[in-house]
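Here is the structure we will look at.
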Amino acid sequence: MQFRKFGRLDWKVSALGFGCMRLPTTDKVGSNVNVDEKEAIAMIRYAIDQGVNYVDTAYPYHGGNGEIVVGKALRDGYREKVRLATKSPVWSLRKAEDFDTYLNEQLKKLQTDYLDFYLLHGLDKQRWTNILNLNVLQKAETAIKDGRIRHLGFSFHDKYETFREIIDGYSGWALCQMQYNYMDTKNQAGTKGLKYAASKGLAVVVMEPIRGGRLSNPPKDIQGIFDGYEKRHTPSDWALQWVWNQSEVSVALSGMSTMKQVEENIHSASTSAPNSLGHRELQVIERAQKAFRGRTPIACTKCGYCMPCENGINIPTNFELYNDAIIYDDPGTARMRYSRFMTEKERASACQQCKKCEEKCPQKIPISELMPKVHALLGESKPH
């Protein structure tokens, strides 16, 4: 296992961190709640035995069962071998005291007296404002003083400007967690956010280095780009090595669902290092990146000028899901996100064809014309 600097802390983190969002489940029909505890515990402990020293979970993972399983996995001396991170469900905080209620519950589920890292989960502009209004940071500082938390951080899903505002808005951050991979260099915090966080002394924990698995099984034309390189690497290894090549990255989290994935990712991590990719290897990844982006059917830049829609439709997210379904040849994941994470009012099916959004769109996208097409793919069990 290779180890890397963790921000300003005097500690080295394993290049690979164990992300516990995608633990194996016993329900093969599709439930994400019934964790296969025996297999999950075996996977986590195997990873730790191979040098992984960062374990990441969160309150909502696996319907609230994820932390319980992690707590079981870290018994028998394994807790002392790792730094443990979990996250506060900030969307559920209605008053300042709720911070302690959830924290104490999580400590009990994880069977530990303290958390090495406690992150405010999924911050965006609105949640950050709520955090400030509720004085949550003061509650967190009290928890640090009494020993329940060692270090405070946040995970993030929003624009770069908000990312920077959050970093600058509190001097006590030890780490941040952001989505980053070779397809997300300009999405959310992006490369600018990565470099900014590192410049401020924060450890940068990367989530979705394989973009939720979508970079692990590319379409045939893109697989051909990788196959053309003389040294064979799996698509997952290409994606991970690209992330580890960035010297600002502290640790890359992988949400692993099988022991095979654990073994393969540990092998990848053992060969990783900052600035280790040569010019030709970077060219291969750049070609794959361009090929993926060349498959984009709708030229939406997510600038947001079309918003707000007076009917409540989330136009950029509809286009993002549609594009992802085509780019990665993965309509199933896009449909799941469309049905699970978007309200009926936000979906493309609610479009009234008023065309007011089209007057604002700098890309001149025929939004009203495309909305039925989006719903036909994402809202049905089979695409039309």
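Sequential numbering of the sequence shown, starting at 10, is according to the working numbering.
We put the beta carbon where it would ideally sit given N, CA and C, even for glycine.
It should be emphasised that the depicted structure is a prediction, and the values quoted were computed from it without experimental measurement.
Quick check: what's the CA-CA separation for Ala152 versus Ala183? A straight line joining the alpha-carbon of Ala152 with that of Ala183 spans about 15 Å.
Does DSSP put Tyr191 in a helix, a strand or coil? Judged by DSSP in its simplified three-state form, Tyr191 adopts coil rather than helix or strand.
Residue environment, Asp177, which counts as buried when at least 16 other CB atoms sit within 10 Å: Counting of Cβ neighbours within 10 angstroms places Asp177 among the exposed residues, the total staying below 16.
Is it right to say Val42 is buried, meaning 16 or more other beta carbons lie within 10 angstroms of its own, or is it exposed? Burial state of Val42 is exposed, judged by a 10 Å Cβ sphere holding fewer than 16 other Cβ atoms.
Taking the straight line between their C-alpha atoms, what separation do you get for Ala248 and Cys312? Annotation: Ala248 to Cys312 spans about 27 Å, alpha carbon to alpha carbon.
Reduced DSSP category for Gly80 - H, G, I as helix; E, B as strand; rest coil: The three-state secondary structure of Gly80, taken from DSSP, is helix.
Among the residues of its own chain, which have a CB less than 6 Å from the CB of Ala212, if the five just before and after it don't count? So the qualifying residues of the chain are Phe15, Gly16, Leu184 and Ser259.
Whole angstroms is fine: what's the gap from Phe328's alpha carbon to Lys96's? So the two alpha carbons sit approximately 29 Å from each other.
Tell me which residues share the same chain as Val215 and place their Cβ nearer than 6 Å to its Cβ, disregarding the 5 neighbours each side in the sequence. Answer for Val215: Tyr189, Val252, Val258 and Ala261, listed in chain order.
CA-CA distance, Trp100 and Leu132? If I take the Cα positions, the gap works out to 9 Å.
Is the beta carbon of Phe27 less than 9 Å from the beta carbon of Ala56? Contact: yes.
Rounded C-beta distance between Ile77 and Lys118? I'm assuming under 8 Å. At roughly 5 Å, the Cβ-Cβ gap stays under 8 Å, so Ile77 and Lys118 are in contact.
Chain-order list of residues whose beta-carbon lies under 6 Å from that of Gln232 (same chain, five-residue window excluded): Excluding five sequence positions before and after Gln232, none of the CB atoms of its chain fall closer than 6 Å to its own CB.
Buried or exposed: where does Thr352 fall if 16 or more other Cβ atoms within 10 Å of its Cβ makes it buried? Burial call: exposed.
Could you compute how far the alpha carbon of Tyr87 sits from the alpha carbon of Tyr127? Going by the C-alpha atoms only, they are around 19 Å apart.
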